[in-house]
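What follows is a single structure, written as structure tokens, with notes after it.
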Amino acid sequence: MKNLWPMPLLCLVLLLFAGSAAAQAELFKPKISAADAAIAKQLRQQALAGEHSGYKLVSSLTTEVGARPGGSPADAKAVQWAVAKFRMMGFDKVWIEPVSFPYWRRGAESARLISPGNQHIAVTSLGGAPGTPAEGITAQLVHFPTFADLEKADPARVRGKIAFISNRMQRTRDGSGYGQAVIARSQGPNIAAQKGAVALVIRSIGTDNDRLPHTGAIRQPEDGMLVPAAAVSNPDADQLVRLIERGMHPQLELKLDVGFDGEATSHNVFAEVTGKQSSDFLLMGAHLDSWDMGTGAVDDGAGVGIVMAAAELILKQPQRPNRGIRVGLFAHEEQGLYGGREYLANQQALMPSGLLQHLLVVESDLGAGSIYKIDGRTSQLGWAMIHSIHRHLAPLGIELGENDKPGGSDIFPLIQAGAANIALRQDATEYFDLHHTDNDTLDKIDPEALNQNVAAYAVLGWLAANHTISFGTGELEPLPSN
Ligand SMILES: [Zn+2]
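This is the structure in structure tokens:
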């Protein structure tokens, strides 16, 4: 990264703060000018008053394009939509970059409890899983309260049966219940195959009590061993557990017409507010694709609207910030961060300048709930600057969180490679009621909460981009990949 400090001042800073990094952060409090403070206040007020296109963008994307699973015709339409909107908004630069991946399609899918009784079960296949034969798979369930129970099961118990994992995701404000529960979905289909199961059924990774199953991607294993795999709604999972506890040996018929179907190419879409002094930029990300259920309003239409609108407010300032704002709408996040990984590879190919030009990376991908905390992973000096920026986020009800707590989905490969990161934490208490279901629709978005998000991204974007400080890209150790 280019050094933007005047030389005498830099020497003074180095002389004064040659102690530990922590002491540097304590002593060196980066100042925000009165002019920047006034712009931050104005951006906050404009955003809270809805003087931006955030909600209109989400409405437009979810109505005119709708569900946009990666590689589908609607996904290609979403790319055109984003390019047209960015151009209409007057961004300095708009471009697309191709991203290719195996295309997974979903046809008809159904499940029935055929013994005892005969009852429809609300089910959806997990993304990336194989389908069943056309006549379906019928077998008895074998129950595992958790993924760990399946992992340690004797294969003799599992062979020829449908493995059923019933662990329930916990509701939390920070969404951490998802991370704990999701292993049943991501790795269950592989472990079930290794144990000789004919299929896997999981309780949906979601916090609602509706008869709406939650889809989501599985991890593609190195050994390639997978069984057809589906999620049942929470009330259906409860019913199956009760039947098993009564010793009634439920049998299920699963018909899942899904599977991979060749290669597809989509695009990451970018737009930039060009910095007036430097080619460095702050990257604000979201993902453009969605699942095929619902219309992808909270996941991640909201994030798309938030980052586009925040950058739009900065674009409308009478002058450009010193460093740029890049908006990145990433392709095919849902089935494996394809757009985010391709972007990192492209940036690394531009070394030494590519990754190092990323002043800071941030992403909105947890719905449209209000932001309550700012965390991140920056240098000590960068975090001292976040202390200063936080004073201008506090009026939005945002508390100062912790350094070394990174966040983001598509930007995670960049963070792992050592990009400085800020995570604006959203209230996710209700997000996982809707996540990856037919219920992810526009009416679930509260325009006032969306405005608060736009305010936070605009204030952070302006104050970080218009300063001269480094947040630590190029200094941070890469994170181990998991
Ligand atoms: Zn998402």
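The working numbering puts the first residue of the sequence shown at 28, with every later residue one more than the last. Virtual Cβ for every residue (Gly too), placed ideally from N, Cα, C.
Measuring CB to CB, does residue i end up less than 7 Å from residue j?
i: Arg350; j: Phe297; result: no
i: Leu281; j: Ile141; result: no
i: Gly445; j: Pro507; result: no
i: Lys179; j: Ala224; result: no
i: Ser415; j: Gly499; result: no
i: Val481; j: Ala337; result: yes
i: Asp460; j: Tyr399; result: no
i: Asp119; j: Thr322; result: no
i: Met196; j: Gly206; result: no
i: Arg132; j: Asp319; result: no
i: Ser231; j: Ser213; result: no
i: Ala74; j: Ala485; result: yes
i: Tyr130; j: Ala291; result: yes
i: Asn236; j: Ala211; result: no
i: Leu387; j: Ala447; result: yes
i: Val126; j: Glu369; result: yes
Can you give the beta carbon distance from residue i to residue j, rounded, assuming they're within the 8 Å contact cut?
i: Ala190; j: Lys222; result: 7 Å
i: Ile449; j: Ile425; result: No, Ile449 and Ile425 are not in contact; Cβ-Cβ is about 11 Å, not under 8 Å.
i: Ala219; j: His294; result: Actually they do not touch by this definition, with Cβ atoms about 35 Å apart.
i: Val85; j: Ala329; result: 6 Å
i: Val389; j: Leu267; result: No, Val389 and Leu267 are not in contact; Cβ-Cβ is about 41 Å, not under 8 Å.
i: Gly367; j: Phe439; result: 7 Å
i: Leu423; j: Arg71; result: 7 Å
i: Leu356; j: Ser436; result: The pair is not a contact, with the Cβ atoms about 13 Å apart (cut-off 8 Å).
i: Leu279; j: Ala138; result: 6 Å
i: Met412; j: Pro100; result: Met412 to Pro100, Cβ: 44 Å. No contact.
i: Gly97; j: Gln362; result: 6 Å
i: Ser397; j: Gln479; result: 5 Å
CB-CB under 6 Å to residue i, same chain, minus the five flanking residues each way: which ones, in chain order?
i: Ala105; result: Val92, Arg95, Leu315
i: Ala492; result: Leu309, Pro348, Arg350, Ile352
i: Met116; result: Glu339
i: Gln304; result: Asn349
i: Arg200; result: Asp454, Thr456
i: Asn510; result: Within the shown structure, residues of the chain are numbered from 28 to 509, placing residue 510 beyond reach of any answer.
i: Met34; result: Because the pLDDT at Met34 is just 40, under 50, the model does not fix this residue reliably, and the value given afterwards should be weighed accordingly. None.
i: Val428; result: Residue identity differs from the one stated: residue 428 is Gly in this sequence, not Val. Taken in chain order, the residues that qualify are Lys400, Ile401, Asp402.
i: Glu502; result: Ser406
i: Asp327; result: Ala313, His314, Asp392
i: Gln374; result: Gly381, Leu382
i: Thr89; result: Thr322, Ala324, Gly328, Leu469
Report all residues from its chain with a CB closer than 8 Å to the CB of residue i; omit the five preceding and five following residues, and keep chain order.
i: Phe113; result: Val121, Val296, Ala298, Met335, Val354
i: Asn217; result: Ile245, Arg246, Pro248, Asp250, Met252, Leu253
i: Pro277; result: Leu140, Ser142, Pro143, Gln167, Leu168, Leu267, Leu270, Ile271
i: Val325; result: Gly394, Ala395, Tyr458, Leu461, His462, Asp467, Lys471, Ile472
i: Val110; result: Val121, Ile123, Val296
i: Ile442; result: Val388, Arg404, Pro433, Gly435, Asn448, Leu506
i: Ala208; result: Asn194, Arg195, Met196, Gln197, Ile232
i: Met311; result: Val334, Ala337, Ala338, Ile352, Arg353, Val354, Gly355, Val389, Glu390, Ser391, Tyr484, Gly488
i: Ala161; result: Lys282, Asp284
i: Ile341; result: Leu70, Val300, Pro348, Ile352, Ala485, Gly488, Trp489, Ala492
i: Phe171; result: Leu177, Ala180, Ala190, Phe191, Ile192, Ser193
i: Ala135; result: Lys282, Asp284
i: Met275; result: Pro143
i: Ala76; result: Asn478
i: Ser87; result: Trp108, Lys112
Leaving out five residues on either side along the sequence, give the residues of the same chain with a beta carbon under 7 Å from the beta carbon of residue i.
i: Leu490; result: Ile59, Asp63, Ala67, Ile416, His419
i: Leu477; result: Gly81, Tyr82, Ala329, Gly332, Ile333, Ala395
i: Gly215; result: Phe174, Leu177, Ile192, Leu227, Ile229, Ala256
i: Asn430; result: Gly403, Arg404, Thr405, Trp410
i: Asp102; result: Arg95, Pro96, Ser293, Asp316
i: Leu371; result: Pro440, Leu441, Ala444
Using a threshold of 6 Å, is the CB atom of residue i nearer than that to any non-hydrogen atom of ligand 2?
i: Gln107; result: Of the ligands one can find in the structure shown, namely ligand 1, none is ligand 2.
Can we say the segment 371 to 387 touches the segment 452 to 466, given the rule of at least three CB pairs closer than 8 Å? no
Which residues have their C-beta within less than 5 Å of a heavy atom of ligand 1, listed in chain order? Asp326, Asp327, Asp392
With contact counted as at least three CB pairs below 8 Å, one residue from each stretch, are the segment 275 to 291 and the segment 151 to 163 in contact? yes
Below 8 Å, how does it come out for the segment 143 to 153 and the segment 234 to 241: are there three or more Cβ pairs, yes or no? yes
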